[in-house]
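Numbering (the numbering used here), first residue to last: 1 to 154.
From the three backbone atoms N, C-alpha and C, an ideal C-beta is built for every residue, glycine too.
None of these values were measured; they are calculated from a predicted model.
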Amino acid sequence: MKVAVMEPMEEIRTIDIEPDESGSYLKPLQGLVGGLIEPVDVLYGDKPLLWVNDNGIAEGLMPSRTVYANERMEKMGYLSMMDMETPVKKGDLYTILYGPIVACSYDVDDQGERILRDISDEELCQLEEDFWDSHSGINTSLKFWLINQMRKGA
Numbered sequence: 001m002k003v004a005v006m007e008p009m010e011e012i013r014t015i016d017i018e019p020d021e022s023g024s025y026l027k028p029l030q031g032l033v034g035g036l037i038e039p040v041d042v043l044y045g046d047k048p049l050l051w052v053n054d055n056g057i058a059e060g061l062m063p064s065r066t067v068y069a070n071e072r073m074e075k076m077g078y079l080s081m082m083d084m085e086t087p088v089k090k091g092d093l094y095t096i097l098y099g100p101i102v103a104c105s106y107d108v109d110d111q112g113e114r115i116l117r118d119i120s121d122e123e124l125c126q127l128e129e130d131f132w133d134s135h136s137g138i139n140t141s142l143k144f145w146l147i148n149q150m151r152k153g154a
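In structure tokens, the structure reads:
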């Protein structure tokens with residue numbers, strides 16, 4: 001299956017992954033993010049679906065990408081992850097994702113089951129539009145750190 005991988009401070013790349021011996025993609029996805037996986041569906045819903053390490057901050061993984069709110073998030077009333085109170089507007093800072101990010105997609109069969117599939121060229125273009133800055137996560141984190149240091153010194 002073709003997936004997109006976004007490593008901290010690296011360009012987006014696509015790779016092919018194979019299912020494990022039981023036909024599942026769980027272990028390969030966990031291997032790519034370096035631990036247990038967590039879906040991030042705030043931007044697109046599920047197409048493409050982003051997977052991250054569910055404990056990336058606590059494990060000290062590097063900031064990877066900054067997520068800015070889109071129209072979907074504004075319409076759905078998402079709250080900023082920065083204060084958990086403020087509804088986001090398109091373009092607002094939403095959160096920072098840590099460690100490797102893997103994007104893939106799936107179709108839903110007649111029974112409602114998700115069938116994983118290659119990320120499409122259209123979905124890849126959307127990722128490249130939203131996550132073109134491979135340094136966004138580290139840059140945003142540094143800005144927060146600097147602001148915090150300035151407040152401590154005031």
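Can you find the residues in the same chain that come closer than 8 angstroms, C-beta to C-beta, to Met73, ignoring five residues on each side of it along the sequence?
Val42, Leu43, Val88, Lys90 and Tyr94
Cβ pair Ser105, Arg114 closer than 7 angstroms:
no
Pairs of beta-carbons, one from the region 64 to 78 and one from the region 25 to 45, closer than 8 angstroms: are there three or more?
At 8 angstroms Cβ cutoff, the stretches touch.
Cβ-based burial, Asn139 [other Cβ within 10 Å; buried from 16]:
Around the CB of Asn139, fewer than 16 other CB atoms lie within 10 Å, so the residue is classed as exposed.
Going by beta carbon distance, what residues of the same chain come within less than 6 angstroms of Leu50, once the five residues before and after it are set aside?
Val40, Ile101 and Ala103
Quick check: is the beta carbon of Val5 nearer than 7 angstroms to any beta carbon in chain D?
This model lacks chain D altogether; it includes just one protein chain.
Could you pull the DSSP bridge partners for Lys90 from this structure?
Answer is none; Lys90 lacks a bridge partner.
One or two residues paired with Val5 in a DSSP bridge
Arg13 and Val102
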